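**Q** Residue numbers (the working numbering), protein chains in the order written: chain C, 45 to 371; chain H, 45 to 371. Every residue gets a Cβ at the ideal spot worked out from N, C-alpha and C, and that includes glycine. Nothing here was measured: the structure is a model prediction, and the numbers come from that model. Sharing a structure here in structure tokens format.
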């Protein structure tokens with residue numbers, strides 16, 4: 045079997061991450077990066093790979109096994125994933141949890157019609173964290189789920205702070221509260237409020253003449269985003285923000301705490317500590333793109349999620365090698 | 045779809061655990077416990093369930109969807125799993141890692157011939173730990189694997205101590221060394237010797253007149269089992285052993301520490317903390333038995349491992365429910 049040929053659509057943090065992740069997988073090659081911008085304006089890290097207009101994808105003529113959709117969940121993916129599934133096997137990282145059923149239905153209709161394989165909502169949450177929630181529920185039906193995120197930068201919360209008048213720039217960290225994690229690990233199955241699970245910490249650059257007290261008030265009282273949390277606001281210079289807060293770390297914890305029918309306590313914990321959220325997400329996307337290529341080769345048409353993928357499909361090794369070395 | 049009907053072969057710790065785990069899963073029922081002993085001598089926890097002779101299984105007439113084989117890996121399963129796969133869909137927890145390829149081949153031949161579905165080496169190691177090793181390798185190809193076991197009782201090591209002359213009874217705990225775990229979590233990718241990863245702690249009841257110093261010497265110098273470890277030996281009474289060391293706790297940690305192509309560090313950690321090793325193993329077996337019943341209904345014949353099972357097959361919920369609530 046030849047290499048799995050990937051295309052990337054969209055060259056932001058995710059697109060760059062997929063490009064990097066391909067380099068760590070000898071059985072996968074990157075055919076092209078597709079962009080809606082002027083291709084000559086997009087400079088990518090791999091000299092040997094072509095940048096093409098997204099228009100080249102129309103009609104399905106591009107020589108790729110899987111198209112990795114690296115757009116955003118708010119506006120790009122709801123259109124792109126069903127659209128490109130009419131011609132290509134696709135993977136996306138759609139992460140608006142509440143809209144997953146709707147997105148799945150749209151992608152499934154397109155992929156069923158075209159006979160292509162489409163994997164949606166891949167990454168670590170949704171993705172690996174979802175797998176751990178699912179499996180935790182199956183093994184310990186009598187138990188409770190806990191998901192903690194962080195420490196890491198939340199793009200949505202950072203954006204919300206940046207939209208406040210007087211804010212020039214901002215980054216927001218979501219921080220799990222250690223005592224809450226410990227309470228869960230103790231097996232006490234605590235009922236935790238939103239405020240008890242996470243702290244929010246904001247680093248804010250003010251515009252010239254902005255009212256710091258008013259900006260802070262607007263942040264900490266913002267409904268949904270901050271009012272239910274203990275939030276700390278630090279005012280710093282743009283230089284400090286760029287120097288100290290440009291990395292995109294993230295991670296988190298999924299715990300299932302339960303008991304057997306005889307009352308024996310059991311705890312399953314899965315955690316990620318990531319120096320780069322997009323670069324890890326794309327490591328996951330590339331492994332799942334390998335699985336999608338295999339499912340496509342088997343003629344499995346329609347939309348799928350990580351729940352549907354046999355783990356062996358993620359690996360370049362065959363079944364006998366996996367059983368001998370990793371089981 | 046009716047309930048998934050299970051049979052249990054063998055009523056030791058695992059058989060009892062499967063019986064308990066069935067009670068936590070409304071879509072699964074226990075049809076019978078099969079035993080090689082005189083059925084009238086076996087008293088089980090569930091009054092409504094029949095105890096039958098293993099001979100009843102001959103020919104495949106028993107009304108069960110999946111037979112859960114609860115024998116030992118040393119002598120029972122190498123014979124039982126291929127044997128019963130000629131008539132039934134089966135699940136086992138074969139855990140002799142080095143002999144998995146051989147066991148797989150024997151079971152696969154039998155199940156291919158009969159058209160049955162057979163899942164081998166299910167549980168937490170091999171099993172869930174294997175899944176995490178596999179997935180960690182796929183997502184972080186540039187990295188290192190670490191597995192730590194414990195704190196928990198090792199049956200094999202306890203048996204080895206009990207075989208020493210002068211030992212009336214004994215339990216051995218495998219204990220992961222916290223500083224080694226922390227070194228792995230730091231992202232340093234340390235090379236750890238056997239001695240640096242685990243401690244061994246033995247609780248020993250001496251026979252009347254036995255030479256404690258000699259017993260201790262034989263334990264700590266025993267090749268393979270103890271000589272490569274720092275081992276502590278405590279001499280206690282049978283009463284103390286029964287009172288303080290009758291539980292069967294276990295657990296452990298699987299870590300994958302790696303980096304992206306740009307050098308960003310990533311850490312994946314999976315851990316289990318189990319008050320009862322057999323009762324958790326059997327929670328896993330029962331969820332996978334559900335998956336086996338589904339694969340059998342789809343006509344998937346042959347031997348499989350946890351690597352081959354789509355995670356959704358473990359759950360009683362359908363795809364739409366899983367996507368809406370757990371993705």
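Cα separation between residue 170 of chain C and residue 345 of chain C?
**A** Going from the Cα of residue 170 of chain C to the Cα of residue 345 of chain C covers about 22 Å.
**Q** Closest by CA to residue 315 of chain C, which one among C:229, C:303, C:291?
**A** Ranking C:229, C:303, C:291 by Cα distance to residue 315 of chain C puts C:229 first.
**Q** Once the 5 residues before and after residue 188 of chain H are set aside, which same chain residues still bring their CB inside 6 Å of it?
**A** Excluding residues within five positions, the ones whose Cβ falls inside 6 Å are 233, 301.
**Q** Are residue 95 of chain H and residue 113 of chain H close, meaning C-beta to C-beta below 7 Å?
**A** Result no, Cβ atoms of residue 95 of chain H and residue 113 of chain H do not sit closer than 7 Å.
**Q** So what does DSSP say about residue 334 of chain H, is it helix, strand or coil?
**A** If DSSP states are grouped into helix, strand and coil, residue 334 of chain H belongs with the helices.
**Q** Can you name the residues of chain H whose CB is closer than 7 Å to the CB of residue 367 of chain C?
**A** Chain H residues near residue 367 of chain C: 144, 145, 148, 349.
**Q** Please report how far the alpha carbon of residue 97 of chain H lies from the alpha carbon of residue 69 of chain H, in whole angstroms.
**A** Each residue's Cα considered, the two are about 26 Å apart.
**Q** Against chain C, which members of the segment 220 to 235 of chain H pass a CB distance test of less than 9 Å?
**A** Here the close residues are 229, 231.
**Q** Can you check the segment 197 to 268 of chain H for any alpha helix (DSSP H) of at least 4 residues that lies completely inside it and give the ranges in chain order?
**A** Listed in chain order, they are 199 to 206, 222 to 229, 238 to 241, 256 to 264.
**Q** Do you know whose CA, among C:200, C:246, C:259, lies nearest residue 210 of chain C's CA?
**A** Nearest option by C-alpha distance: C:259.
**Q** If the cut-off is 7 Å on Cβ atoms, which residues from the segment 316 to 347 of chain H count as contacting chain C, listed in chain order?
**A** Per Cβ criterion, the list reads 316, 317, 318, 319, 320, 323, 324, 327, 328, 331.
**Q** On the three-state DSSP scale, how would you describe residue 144 of chain C?
**A** The answer is helix: DSSP assigns residue 144 of chain C an H, G or I state.
**Q** Where are the alpha helix (DSSP H) runs, 4 residues long or more, that stay fully inside the segment 292 to 341 of chain H, in chain order?
**A** Those alpha helix (DSSP H) runs which fall completely within the segment 292 to 341 of chain H and span 4+ residues are 321 to 341.
**Q** Establish whether the CB of residue 314 of chain H and some CB of chain C are separated by less than 7 Å.
**A** For residue 314 of chain H, the answer is yes, since a Cβ of chain C falls inside 7 Å of its Cβ.
**Q** Pair every Cβ in the segment 203 to 219 of chain C with every Cβ in the segment 338 to 357 of chain C, then say whether three or more of these pairs are closer than 8 Å.
**A** The segment 203 to 219 of chain C vs the segment 338 to 357 of chain C: no contact.
**Q** Pick helix, strand or coil for residue 174 of chain C, following the three-state DSSP scheme.
**A** Reduced to three states, the DSSP call for residue 174 of chain C is helix.
**Q** Considering residue 96 of chain C, what are the terminal residues of the beta strand (DSSP E) in which it resides?
**A** From DSSP, the beta strand (DSSP E) with residue 96 of chain C extends over 94 to 97.
**Q** With H, G and I counted as helix, E and B as strand and the rest as coil, what does DSSP make of residue 159 of chain C?
**A** Residue 159 of chain C: coil per DSSP, three-state reduction.
**Q** Counting contacts by CB-CB distance shorter than 7 Å, is residue 92 of chain C in contact with chain H?
**A** No, because no Cβ of chain H sits closer than 7 Å to the Cβ of residue 92 of chain C.
**Q** Starting from residue 190 of chain C, follow its DSSP beta bridges and name the residues at the other end.
**A** According to DSSP, which records beta bridges pairwise, residue 190 of chain C is partnered with C:299.
**Q** May I ask you to list, following chain order, the residues of the segment 169 to 190 of chain H that have a beta carbon less than 9 Å from some beta carbon of chain C?
**A** Result list: 170, 171, 172, 174, 175, 176, 177, 178, 179, 181, 182, 183, 184, 185, 186, 189.
**Q** Counting only beta-carbon atoms, is residue 47 of chain H nearer than 7 Å to chain C?
**A** No - not a single Cβ of chain C is within 7 Å of the one on residue 47 of chain H.
**Q** Rounded C-beta distance between residue 322 of chain C and residue 57 of chain C? I'm assuming under 8 Å.
**A** Contact holds; Cβ gap of about 4 Å.
**Q** Near residue 309 of chain C, which residues of its chain fall below 6 Å by C-beta distance, leaving aside the five closest residues on each side in sequence?
**A** Excluding sequence neighbours, residue 309 of chain C sits near 231, 303.
**Q** Got a sec: is the Cβ-Cβ distance from residue 266 of chain C to anything in chain H below 7 Å?
**A** By this cut-off, residue 266 of chain C is not an interface position.
**Q** Helix or strand or just coil, what does DSSP make of residue 270 of chain C?
**A** It is coil, neither helix nor strand.
**Q** Using the beta-carbon of each residue, which ones in chain H are nearer than 8 Å to residue 362 of chain C?
**A** Correct list: empty, because the minimum Cβ distance to chain H is about 11 Å.
**Q** Determine the chain H residues that contact residue 107 of chain C at a beta-carbon separation under 8 Å, and present them in chain order.
**A** Residues of chain H passing the Cβ test: none, with the nearest at roughly 24 Å.
**Q** Under 6 Å from any heavy atom of the ligand ZN, does the C-beta of residue 93 of chain H make it?
**A** Ligands are entirely absent from the displayed structure, and the ligand ZN is therefore not among its contents.
**Q** Using DSSP with H/G/I as helix, E/B as strand and the rest coil, what is residue 363 of chain C?
**A** Of the three classes helix, strand and coil, the one that applies to residue 363 of chain C here is helix, per DSSP.
**Q** Helix, strand or coil: how does DSSP classify residue 134 of chain C here?
**A** Strand.
**Q** To the nearest whole angstrom, what separates the beta carbons of residue 145 of chain H and residue 364 of chain C, a pair I think is in contact under 8 Å?
**A** At roughly 7 Å, the Cβ-Cβ gap stays under 8 Å, so residue 145 of chain H and residue 364 of chain C are in contact.
**Q** Along chain H, which residues have their Cβ under 9 Å away from the Cβ of residue 204 of chain C?
**A** Ordered by position in chain H, no residue passes the 9 Å Cβ test against residue 204 of chain C, which lies about 24 Å from the chain.
**Q** Which residue marks the beginning of the alpha helix (DSSP H) containing residue 60 of chain C, and which one marks its end?
**A** That run of the alpha helix (DSSP H) goes 57 to 66.
**Q** Measuring straight from C-alpha to C-alpha, what distance separates residue 60 of chain H and residue 54 of chain C?
**A** About 54 Å.
**Q** List, from N- to C-terminal side, the alpha helix (DSSP H) runs of 4 residues or more that fit wholly inside the segment 76 to 130 of chain C.
**A** Counting whole runs of 4 or more residues, the segment 76 to 130 of chain C contains the alpha helix (DSSP H) stretches 120 to 128.
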